[in-house]
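Positions in the sequence shown are counted from 1; adding 355 to them yields the working numbering. What follows is a short report on a single structure.
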Amino acid sequence: MRDIMARPETELSHADAVLELVQLKYALGHEKYKADPWPCMLVKSDINSKLEAVCDGMNEELKYVFDKYIGCDTESWKEVDLLETIRTVIMAAASRFTVGFPLCRNEAYLRACWKVNDGIVMNGGLTGATPRLLRPIVGPLITMKLRRSIEQVKKQVEPIYHQRVQALSQQNSAEKPASEEPQDLFQQMLCYAQRERPGELHDLPSMSRRLCFANFAAVHQTTLLVTNMILNIVSSDSQYNTISVLRDEVNDVIGPDSDTKWTKYKVAQMIKSDSVARETMRLYSNTNRGVFRKVLVEGVKTEDGIELPKGAYVSFLGRPLQCDPEAFEDPFEYDPFRFSRIREQAPRDTKGRSSASHLSFVSTSPEHLPFGHGGHSCPGRFLVDFEVKMIVAYLLMNYDIEFPAEYKGQRPANRWMAEALVPPSGARIRIKRRS
Numbered sequence: 356m357r358d359i360m361a362r363p364e365t366e367l368s369h370a371d372a373v374l375e376l377v378q379l380k381y382a383l384g385h386e387k388y389k390a391d392p393w394p395c396m397l398v399k400s401d402i403n404s405k406l407e408a409v410c411d412g413m414n415e416e417l418k419y420v421f422d423k424y425i426g427c428d429t430e431s432w433k434e435v436d437l438l439e440t441i442r443t444v445i446m447a448a449a450s451r452f453t454v455g456f457p458l459c460r461n462e463a464y465l466r467a468c469w470k471v472n473d474g475i476v477m478n479g480g481l482t483g484a485t486p487r488l489l490r491p492i493v494g495p496l497i498t499m500k501l502r503r504s505i506e507q508v509k510k511q512v513e514p515i516y517h518q519r520v521q522a523l524s525q526q527n528s529a530e531k532p533a534s535e536e537p538q539d540l541f542q543q544m545l546c547y548a549q550r551e552r553p554g555e556l557h558d559l560p561s562m563s564r565r566l567c568f569a570n571f572a573a574v575h576q577t578t579l580l581v582t583n584m585i586l587n588i589v590s591s592d593s594q595y596n597t598i599s600v601l602r603d604e605v606n607d608v609i610g611p612d613s614d615t616k617w618t619k620y621k622v623a624q625m626i627k628s629d630s631v632a633r634e635t636m637r638l639y640s641n642t643n644r645g646v647f648r649k650v651l652v653e654g655v656k657t658e659d660g661i662e663l664p665k666g667a668y669v670s671f672l673g674r675p676l677q678c679d680p681e682a683f684e685d686p687f688e689y690d691p692f693r694f695s696r697i698r699e700q701a702p703r704d705t706k707g708r709s710s711a712s713h714l715s716f717v718s719t720s721p722e723h724l725p726f727g728h729g730g731h732s733c734p735g736r737f738l739v740d741f742e743v744k745m746i747v748a749y750l751l752m753n754y755d756i757e758f759p760a761e762y763k764g765q766r767p768a769n770r771w772m773a774e775a776l777v778p779p780s781g782a783r784i785r786i787k788r789r790s
């Protein structure tokens with residue numbers, strides 16, 4: 356794996372491999388959205404440095420969306436479709452990060468974003484399974500509804516787009532201090548385009564498509580992760596007292612007041628929540644492969660002599676390593692505090708840092724590939740770290756949750772779709788606001 360990751364992009368291409376995996380040429384109409392993925396660079400360079408400010412808004416949005424869609428009834432239990440509920444929560448919270456207030460509460464915008472995400476997933480599966488010679492014919496047919504949904508997103512974004520572009524064109528430091536600018540990804544995209552991609556700045560369709568792909572990256576995998584986490588928390592509660600342990604940690608680290616500011620330091624202290632998330636990724640990762648590359652040139656050989664023909668795709672299976680019985684006791688059993696026990700018992704240096712910090716949720720390694728590994732590992736995983744912990748903390752501190760009686764305390768099994776392991780469709784939980 357080290358050899359593959361060390362090869363230049365001109366030889367083994369990550370971008371070309373992802374283009375094949377997601378079929379962005381047909382989903383968004385052009386390969387440039389992955390070949391030149393500058394919004395992802397902004398997440399890595401700009402947004403990650405402003406995580407605490409970004410997450411203040413997301414935390415506020417979580418309270419709003421939970422109250423709106425789940426309610427505040429402390430007397431009656433409510434049964435909900437877990438995947439659909441979490442998707443609603445995460446789309447709203449992520450939209451606070453991507454486009455800011457008030458568009459993040461626009462129902463038409465959120466519905467259009469859901470349709471775009473569903474269309475991107477369907478296109479990747481169906482167009483990707485189509486023989487290459489037929490893709491120019493089949494791809495546009497498969498993505499007809501997707502293109503209409505992208506147009507709906509563009510329509511909803513258009514007013515703030517024109518408003519912000521006009522403000523940028525008139526802006527100077529004396530007239531409008533940078534601190535007054537919206538603190539969301541779309542604003543960062545416009546500012547970057549003004550400096551580095553002026554042709555795209557005034558191309559609303561292009562900016563809308565880039566925003567759609569940013570939404571997809573922010574919502575799709577996170578929705579699956581949080582859904583799996585909640586199923587695992589409830590199913591493991593009888594054996595590990597998971598819910599009470601996590602509530603105690605939130606109370607100790609964040610405090611009982613949901614208005615308390617979330618900081619990087621506090622998030623890093625939540626090692627039990629972190630363990631729940633990492634163990635979920637270990638056992639229920641949606642993706643079964645990591646370090647995906649396309650061979651672009653002839654004559655490529657690995658360091659152990661394997662010849663990689665031009666046009667071939669290379670990747671590494673993650674699940675066998677993540678479920679290796681030599682590395683994990685009872686590897687197919689979900690143990691919510693598997694990693695926190697190791698981290699709590701590990702020696703610490705003079706600054707109090709654990710020697711097992713490489714077992715954190717955001718850490719990658721050749722043996723843990725849900726976020727990839729190396730230079731192309733997921734740049735948004737630090738935001739996801741904040742997001743999933745905030746969602747689970749708010750849910751557990753403000754609601755009681757349980758399975759319907761017919762589940763008999765056991766989570767419904769995930770299902771395989773080709774190589775993707777996805778949460779069970781229609782899985783339900785019972786939920787009631789805590790007094």
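Yeah, the Cβ is synthetic: ideal placement off N, Cα and C, and Gly gets one too.
- For the pair residue 405 and residue 653, the Cα-to-Cα distance works out to about 43 angstroms.
- In this structure, 522 is the residue among 522, 544, 547 with its C-alpha nearest to the C-alpha of residue 535.
- DSSP places residue 636 in no beta strand (DSSP E) but in the uninterrupted alpha helix (DSSP H) bounded by 626-639.
- In this structure, the CA atom of residue 703 is about 14 angstroms from the CA atom of residue 714.
- For residue 568, the enclosing alpha helix (DSSP H) covers residues 559-595.
- In this structure, residue 698 keeps its C-beta atom at 8 angstroms or more from the C-beta atom of residue 669.
- Fully enclosed beta strand (DSSP E) runs of no fewer than 3 residues occupy 754-757, 770-772 of the region 731-775, in order along the chain.
- Considered as a whole, the region 428-497 harbours 437-453, 462-483, 490-497 as its complete alpha helix (DSSP H) runs of no fewer than 4 residues, in chain order.
- Inclusion of residue 421 and residue 540 in the CB contact set at 8 angstroms is not warranted, their separation being larger than that value.
- Between residue 498 and residue 382 a beta carbon distance of about 6 angstroms is seen, short of the 8 angstroms cut, so the two are scored as contacting.
- Counting C-beta pairs with one atom in each stretch, the region 594-603 and the region 424-436 have fewer than three that are closer than 8 angstroms, which means they do not touch.
- By the 16-neighbour rule on beta-carbons within 10 angstroms, residue 438 is buried.
- Between the C-alpha atoms of residue 467 and residue 590 there is a straight-line separation of about 33 angstroms.
- For residue 541, the enclosing alpha helix (DSSP H) begins and ends at 540-551.
- Assignment of beta-bridge partners to residue 399 by DSSP yields no partner.
- For the pair residue 777 and residue 785, the CB atoms are not nearer than the 8 angstroms cut-off.
- Residue 660 has its alpha-carbon roughly 49 angstroms from the corresponding atom of residue 444.
- Going by C-alpha positions, residue 367 is about 15 angstroms away from residue 728.
- Pairing residue 413 with residue 772 gives a Cβ-Cβ distance that is not under 8 angstroms.
- Comparing alpha-carbon positions, the option among 566, 472, 635 lying closest to residue 575 turns out to be 472.
- Contact check for residue 583 and residue 639: beta-carbon distance about 4 angstroms, within the 8 angstroms limit, so the pair qualifies.
- A distance below 8 angstroms between beta-carbons, with the five flanking residues on each side excluded, links residue 538 to the following residues of its chain, in chain order: 405, 408, 409, 412, 455.
- Under the 10 Å beta carbon count, residue 677 is surrounded by 16 or more other beta carbons and is classified as buried.
- According to the DSSP assignment, residue 697 belongs to the alpha helix (DSSP H) that extends over 693-700.
- Annotation: the continuous alpha helix (DSSP H) that includes residue 412 extends over 406-424.
- Secondary structure note for residue 787: its beta strand (DSSP E) is the uninterrupted segment 783-788.
- Residue 667 sits away from residue 646, with the two beta carbons spaced by 8 angstroms or more.
- Secondary structure of residue 652 (DSSP, three-state): coil.
- In the DSSP secondary-structure assignment, residue 663 is bridged to 655.
- For residue 517, the secondary structure class from DSSP, reduced to helix, strand or coil, is helix.
- Per DSSP, residue 689 is not a residue of any alpha helix (DSSP H), being assigned neither H nor E.
- Between the alpha carbons of residue 487 and residue 569 lies a gap of roughly 27 angstroms.
- Less than 8 angstroms separates the beta-carbon of residue 418 from that of residue 749.
- Within the same chain, Cβ atoms closer than 6 angstroms to the Cβ of residue 449 are found at 573, 574, the five residues on either side in sequence being excluded.
- A check of alpha carbon separations from residue 722 across 637, 402, 373 identifies 637 as the nearest.
- By the neighbour-count criterion, in which 16 or more other beta carbons inside 10 Å mark a residue as buried, residue 389 falls on the buried side.
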